[in-house]
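Some notes on the structure that comes next.
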Amino acid sequence: MKKNIIAFIFTILICHSAFSQQINFEQDSLEAVLVKAKQLGKPVFILVSGPAISKDVPKQMREQMTGSGMDHPDVTAAYNSQFINFKAPYRSTAGLRLSTRYNIRAFPTFLYLSPEGILIHRNHGNYSTPKRYIDDVKAFQDKLNSTHNLAYFSKEFEKGRRDADFLRQYLQLHKEMGVEPAPELLDAYTGSLSEAGIASFSEVIFIHEFGPLVGSQAFQYARQDQRLVDSLYRTLPYAKRVEINNKIIVNTMRTAIETKDKGMAERGAGFARSTWNNDRPRGQRVYLSNMLSFFRGTKDTANYIPSALGYYNRYFMAIPQDSAAKIVANEKRMQQAQTAAGPAMTENMKQAGQQTETIVMTRFEPAPSSYTMELNNAAYHIYQTGTTSKLTLRTAADWSKRTVELDPTVAYFHTYAVLLYKLENFKGAEENIKSAIKLAKQHNASTDWLQETLRKIKSRDL
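Residue numbers (mature numbering (1 follows the signal peptide of the UniProt record, and there is no 0)): -20 to -1, 1 to 442.
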């Protein structure tokens, strides 16, 4: 029977998260599950669910979002017998790690891994009928039994295979699967090419698309002919150029944080600065921002605290209050316009005698940063360092106070409250956490964590 599809695609941050527990999800950590799978030689199914469904979503749509073909007995039987199952809720530690590793932007996402923990197949979207989930199992098995999967290429690479055609296919497969290749693979690929290979403009683009680490063999190889690099930035669409630059910066800074390599961080931040050659003050700000991220990510408080104080006082607090209010108002208008443009789009293609399948998914776009968001996060990061410096804490509290004055939210009240507590202003801390609780109740949001903070403030146990 032909199946027509009704697709609901969201650009706002809401998502289906209520899947039936008929599938037996492991309660251990992701690491423990992967170890168990390897020991048993059994593949892994991972459900990366999304945030709770917004109360603003219409009732009919909520019903469509909570119904799932995954609840069908045939599906649960297949998954329980053939996989070790793991569920990673949105914003959990495992969920964040998986979202970063596999570039997850749509929820729910389904990952199918080999017993060795290598991604073989993926899909996303909540389907109302069971067929798609059964088809996913078959697709996974077909790929696993073929040689066109990351597990096979990984084994061949470990054996020492380094011919250019193989490495290019391996990189291309990473792209198809939405997985960032290891820097060593990209370096190996460029090492397999002849010096004349860089004469190919398409090769320059291909390497840049993977975001080579600044200073790496791949980066140097791809940028050795400045004429080709200039051509890349002159001829590619603007969005593509931005994507390439961002990937180079993100990959370099992430690797620098993981390896605690300050030199690499400086190279990545320097590259980011160079992308603003026509606006040097903006470029310097970008450089400092990236280095702040490095210090924070490596928990280098000795460098982070003084750098943060200088950065946020210069680029945020130096802006007069009325000017900052205009910035916040403009950002809110832009966010509201984006939200208004992103309601679910539906297309009903029902025809007599046909079965209709409903797909519900969330397209997750990273929320744009904002003046108050950045300032609040900076203030909270200072709190998290555990510093006892009254001067530092007072400065962070001033930042937090401004966010509350410009855009009172639950999170901002909470940050201000805990900073006031650290400054032993217990009355102010209690007042602000109560404001957070009141605001959360107005939005029908959970207040348990806020009530716990209030209890600790009152008992002087925060």
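Think of the CB as a built atom: it goes at the ideal place given N, C-alpha and C, for glycine as much as any other residue.
All values reported here derive from a predicted model rather than from experimental measurement.
Going by DSSP, what residues sit across from residue i in a beta bridge?
i, result
"H101", "Y92"
"K67", "L27"
"F5", "N65"
According to DSSP, simplified to helix, strand and coil, what is residue i?
i, result
"V194", "coil"
"K279", "coil"
"Q19", "helix"
"V308", "helix"
"residue 447", "No answer is possible for residue 447: the residues shown for the chain start at -20 and end at 442."
"I299", "coil"
"K418", "helix"
"Q204", "coil"
"W256", "coil"
"A32", "coil"
"K242", "helix"
"S269", "helix"
"P217", "coil"
"L173", "coil"
"E11", "helix"
"S180", "coil"
"E189", "coil"
"S72", "coil"
"S79", "helix"
"residue 462", "Only positions -20 to 442 of the chain appear in this structure, which leaves residue 462 out of reach."
"T287", "It should be pointed out that residue 287 corresponds to Ser in this sequence rather than to Thr. It is helical."
"S48", "coil"
Tell me the rounded alpha-carbon separation between residue i and residue j.
i, j, result
"Q149", "A288", "43 Å"
"F63", "A17", "9 Å"
"R142", "S254", "33 Å"
"A68", "T127", "29 Å"
"K240", "V117", "40 Å"
"N60", "S108", "19 Å"
"G243", "V230", "15 Å"
"D387", "T352", "7 Å"
"N257", "R265", "12 Å"
"F275", "S48", "44 Å"
"I237", "Q197", "19 Å"
"K370", "Y360", "15 Å"
"G21", "E183", "39 Å"
"V308", "A358", "17 Å"
"A391", "E404", "20 Å"
"A119", "N283", "50 Å"
"S303", "D259", "22 Å"
"D205", "Y82", "32 Å"
"E432", "L166", "49 Å"
"D122", "P31", "32 Å"
"R247", "R374", "33 Å"
"S439", "F393", "19 Å"
"residue 488", "N270", "Outside the shown range of the chain (-20 to 442) lies residue 488, about which nothing can therefore be said."
"T389", "E156", "40 Å"
"W429", "I413", "11 Å"
"F87", "V159", "17 Å"
"H423", "A416", "11 Å"
"F190", "K227", "7 Å"
"residue 528", "F251", "What is shown of the chain runs -20 to 442, which leaves residue 528 out entirely."
"V13", "L151", "27 Å"
"I98", "A245", "29 Å"
"G408", "R382", "15 Å"
"Q331", "P110", "Legend: pLDDT at Q331 = 36, less than 50; position of this residue unreliable, no value from coordinates given."
"E385", "W379", "10 Å"
"Y363", "K279", "13 Å"
"F133", "T365", "43 Å"
"V24", "S172", "34 Å"
Between residue i and residue j, which are expected to be in contact by the criterion C-beta below 8 Å, what is the C-beta distance as a whole number of angstroms?
i, j, result
"F186", "P192", "That pair is no contact at about 11 Å."
"N129", "I100", "5 Å"
"I114", "T56", "In fact, because the Cβ distance is near 11 Å, the residues do not count as touching under 8 Å."
"E96", "A131", "6 Å"
"L76", "I26", "Their Cβ separation, rounded to whole angstroms, is 13 Å, which puts L76 and I26 out of contact at 8 Å."
"R367", "I285", "Per the sequence shown, residue 367 should be read as Thr rather than Arg. About 6 Å separates the two Cβ atoms, so the contact holds."
"F5", "N65", "5 Å"
"Y213", "R207", "The Cβ separation is near 11 Å, so there is no contact."
"V28", "L91", "7 Å"
"A377", "L400", "6 Å"
"Y291", "L268", "5 Å"
### Message
If we require 4 or more residues per run, which alpha helix (DSSP H) segments fall completely within the region 118 to 162?
### Response
130 to 138, 144 to 157
#### Entry: Start-end ranges of the alpha helix (DSSP H) lying completely within the region 355 to 441, minimum 4 residues
Qualifying alpha helix (DSSP H) stretches, in chain order: 370 to 386, 390 to 402, 406 to 422, 428 to 438.
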